[in-house]
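Chains as they are written, first to last, in the working numbering: chain A, 1 to 222; chain B, 1001 to 1365. Just so you know, even glycine gets a beta-carbon here, dropped at the ideal spot from N, CA and C. Treat the numbers as computed from the prediction; the structure is a model and nothing was measured. Working notes, beginning with the structure itself.
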Ligand SMILES: Nc1ncnc2c1ncn2[C@@H]1O[C@H](COP(=O)(O)OP(=O)(O)OP(=O)(O)O)[C@@H](O)[C@H]1O
Ligand SMILES: [Mg+2]
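Shown next as structure tokens:
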């Protein structure tokens, strides 16, 4: 089942003097349980690609489907709601909230959902990511690797169908980076997510099912 | 509220400082209000006590009761449901046993000459009513602040007469001075400073009460007199309006300043958090949720700060010496609390606007 699908998507920035084609016409899909890597040089359009899928910007042309729904056609409010329900973001620098403990980062999701916090759910997720004993710590007290694992926990916690990771390993050393990517791959399979990871580091793609290369706004399978 | 509260818990010092400022400013506001109210009351309690509709003064007195004098027979020309003649004169009293050179023991007072069968005659809190000439009913503040007792004998400045306190009443201050109530004959004697007992008795005012609270009901049978609403009379007491306006302005500005401080603090905090709020929005957390948490936080801070300030004020009010004209007024305190919170929330809405404008795309790239 296709959880992410892009049909004829383009993105053009027009600053009045010249047009930048950040993303040329793209057709693309990610299946349930598929872990996709996107590599490519700086400025090639990777982040643009990812944020269009995440609904943070709209495509100039074409359509984005998330879970078979015309995601890119929704208005901003509905897109935000859908993003909250269906998409987990993992960013380069940690996207954790500095004044919440690891456990409270998860609990926030329940507060917004108006659902009750399931302690066991949270525990087992943190267990899987080997950060269970850190659940009462604030992000500033965690190491970079621990922080990214907490961010993965946060992204997985509300059970989205799609995980979008923009250079999640940029702030980590090689060993930690491999560890984080491995966890990401494992969770994608186990929880049947569709995951896209943007990275500079080609070695990290070993854990991925499909690798795409972005170059000057053109996406090709490697 | 979850976010708001967790953030306060995390940045304790920062928020303690903000609350501290709110506490101090609201303490100042409440305390000034208490003082202003107390002082205003000291001008007028004896008048409010009458529950009168209006007051009749001599036409040429220009609303100044000290300049109003007319023969007491003119009372007969005034037709109203209730009338009461009133003589007013200020004086200085001193316990007879004190030395005349001791200025500290002298007290400024106002004498009210009244008739026992008329409605402005005071209720007795302690002691008994006037039976004979040269007996007075005194304001209780003379007991509380000066230590005067029942049966104390007071000498008057400039006149060779003494009066005896036979009773105390409360809420009897006129123009910041305690009132001594006497009967009309004693009043006439004091007013004339003992010089030549005059045939015609002079009074200062006629206080009137009507059934429907309207002055139109009152008929004045003479051009020598003029009638005024009691509120108009009070606001024309010497210095009264200036006092009330000065304090009112000060308090108003302080409320604004307090609210602006809270608003600015919250705004700066919000600006500092722009990137993290952007990330939250990227995760799909709605501006509405974040905005609610900003407003909730403002509410928590202001409520906590203002109530603490109010508590401090009440405690101060208790330990304050009696001489300070401080008085609690629940209505003022409640409305100032509400006003402070409302204006602070208005400040918070600037922050909410910033939250709405944050572009999640910028925050994450
Ligand atoms: N808002 C924008 N306005 C104008 N041009 C933009 C905008 N956003 C991106 N671009 C341009 O689009 C191109 C692709 O940018 P993008 O951020 O997607 O690159 P990237 O592959 O993520 O690079 P990096 O690896 O450095 O993060 C760049 O040339 C960039 O300058
Ligand atoms: Mg990028």
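Count the other CB atoms, across all protein chains shown, that sit within 10 Å of the CB of residue i; report buried if there are 16 or more and exposed otherwise.
| i | result |
| --- | --- |
| residue 1132 of chain B | exposed |
| residue 149 of chain A | buried |
| residue 37 of chain A | buried |
| residue 45 of chain A | buried |
| residue 1005 of chain B | exposed |
| residue 1070 of chain B | buried |
| residue 1034 of chain B | buried |
| residue 200 of chain A | exposed |
| residue 43 of chain A | exposed |
| residue 1233 of chain B | buried |
| residue 1338 of chain B | exposed |
| residue 1297 of chain B | buried |
| residue 1044 of chain B | buried |
| residue 1029 of chain B | buried |
Would you kindly report the start and end of the unbroken beta strand (DSSP E) that includes residue i?
| i | result |
| --- | --- |
| residue 175 of chain A | Counting along the chain, residue 175 of chain A falls outside any beta strand (DSSP E), though it belongs to the alpha helix (DSSP H) covering 174-191. |
| residue 1205 of chain B | 1205-1209 |
| residue 1363 of chain B | Taken as a continuous stretch (DSSP letters only), residue 1363 of chain B belongs to no beta strand (DSSP E), being part of the alpha helix (DSSP H) at 1360-1364. |
| residue 1155 of chain B | 1153-1156 |
| residue 1227 of chain B | 1225-1229 |
| residue 41 of chain A | From DSSP, residue 41 of chain A is part of no beta strand (DSSP E); its letter is neither H nor E. |
| residue 1139 of chain B | 1135-1139 |
| residue 1347 of chain B | It is not in any beta strand (DSSP E) - residue 1347 of chain B instead sits in the alpha helix (DSSP H) that spans 1330-1357. |
| residue 1090 of chain B | 1082-1095 |
Measure from the alpha carbon of residue i to the alpha carbon of each residue in the options, then state which is nearest.
| i | options | result |
| --- | --- | --- |
| residue 140 of chain A | B/1010, B/1190, B/1153 and B/1356 | B/1010 |
| residue 979 of chain B | B/1141, B/1102, B/1360 and B/1115 | Chain B is shown only over 1001 to 1365; residue 979 of chain B falls outside these bounds and no answer can be derived. |
| residue 1122 of chain B | B/1213, B/1097, B/1166 and B/1156 | B/1166 |
| residue 185 of chain A | A/23, A/167, A/29 and A/33 | A/33 |
| residue 1217 of chain B | B/1080, B/1311 and B/1352 | B/1080 |
| residue 165 of chain A | A/158, A/176, A/180 and A/175 | A/180 |
| residue 1023 of chain B | B/1303, B/1315, B/1328 and B/1205 | B/1303 |
| residue 1093 of chain B | B/1046, B/1362, B/1057 and B/1178 | B/1178 |
| residue 1332 of chain B | B/1230, B/1251, B/1186 and B/1095 | B/1251 |
| residue 188 of chain A | A/128, A/142, A/175 and A/222 | A/128 |
| residue 190 of chain A | A/161, A/206 and A/9 | A/161 |
| residue 1135 of chain B | B/1365, B/1156 and B/1084 | B/1156 |
| residue 203 of chain A | A/216, A/173, A/117 and A/22 | A/173 |
| residue 1374 of chain B | B/1257, B/1266 and B/1054 | Not covered by the structure: residue 1374 of chain B. The range shown for chain B is 1001 to 1365. |
| residue 1236 of chain B | B/1013, B/1014 and B/1065 | B/1065 |
| residue 1151 of chain B | B/1275, B/1138, B/1072 and B/1209 | B/1138 |
| residue 1209 of chain B | B/1082, B/1088 and B/1239 | B/1082 |
| residue 1075 of chain B | B/1021, B/1290, B/1041 and B/1221 | B/1221 |
| residue 1305 of chain B | B/1291, B/1327, B/1319 and B/1340 | B/1340 |
| residue 1351 of chain B | B/1163, B/1273, B/1283 and B/1258 | B/1273 |
| residue 31 of chain A | A/218, A/163, A/216 and A/10 | A/163 |
| residue 1032 of chain B | B/1201, B/1255 and B/1353 | B/1255 |
Cβ closer than 8 Å: which chain B residues qualify as neighbours of residue i?
| i | result |
| --- | --- |
| residue 138 of chain A | 1010 |
| residue 8 of chain A | By Cβ distance, chain B contributes nothing, its closest Cβ being about 22 Å from residue 8 of chain A, past 8 Å. |
| residue 95 of chain A | 1279, 1282, 1283 and 1364 |
Note down, in chain order, every chain B residue with its Cβ under 7 Å from the Cβ of residue i.
| i | result |
| --- | --- |
| residue 104 of chain A | 1006 |
| residue 98 of chain A | 1276 |
Where do the ends of the alpha helix (DSSP H) carrying residue i lie?
| i | result |
| --- | --- |
| residue 982 of chain B | Residue 982 of chain B lies beyond the stretch modelled for chain B, which goes from 1001 to 1365, so this question has no answer here. |
| residue 140 of chain A | Where residue 140 of chain A is concerned, there is no enclosing alpha helix (DSSP H), given that its DSSP letter is neither H nor E. |
| residue 1002 of chain B | 1002-1010 |
| residue 120 of chain A | 119-128 |
| residue 47 of chain A | 46-53 |
Under 7 Å Cβ-Cβ, which residues of chain A neighbour residue i?
| i | result |
| --- | --- |
| residue 1365 of chain B | 47 |
| residue 1002 of chain B | 108 and 111 |
| residue 1361 of chain B | 51, 56 and 57 |
| residue 1351 of chain B | In chain order: nothing, as chain A lies at least about 16 Å away. |
Closer than 9 Å by beta-carbon distance: list the chain A residues that pair up with residue i, in chain order.
| i | result |
| --- | --- |
| residue 1289 of chain B | 111 and 112 |
Self-check item: chain A contacts from the stretch 1251-1284 of chain B (Cβ-Cβ distance under 8 Å)
Solution: Closer than 8 Å at the C-beta level to chain A, one finds these residues of the stretch 1251-1284 of chain B: 1276, 1279, 1280, 1281, 1282, 1283 and 1284.
query: Using a beta-carbon distance cut-off of less than 8 Å, what residues from the stretch 24-56 of chain A approach chain B?
result: For the stretch 24-56 of chain A, the residues whose beta carbon sits under 8 Å from a beta carbon of chain B are, in order, 47, 51, 54 and 56.
Taking a cut of 9 Å between CB atoms, which residues from the stretch 61-89 of chain A lie near chain B? Answer set for the stretch 61-89 of chain A: 77, 79, 80, 81, 82, 83, 84, 85, 86, 87, 88 and 89.
Quick one: which residues of the stretch 1021-1038 of chain B get their C-beta closer than 8 Å to a C-beta of chain A? List them in chain order. So nothing in the stretch comes that close.
Using a Cβ-Cβ cutoff of 7 Å, what residues of the stretch 101-130 of chain A are near chain B? List them in chain order. For the stretch 101-130 of chain A, which is checked against every Cβ of chain B, the residues closer than 7 Å are 104, 108, 111 and 112.
Legend entry - Contact residues within the stretch 1035-1059 of chain B, judged by C-beta distance below 7 Å to chain A: Listed by position along the chain: nothing, the set is empty.
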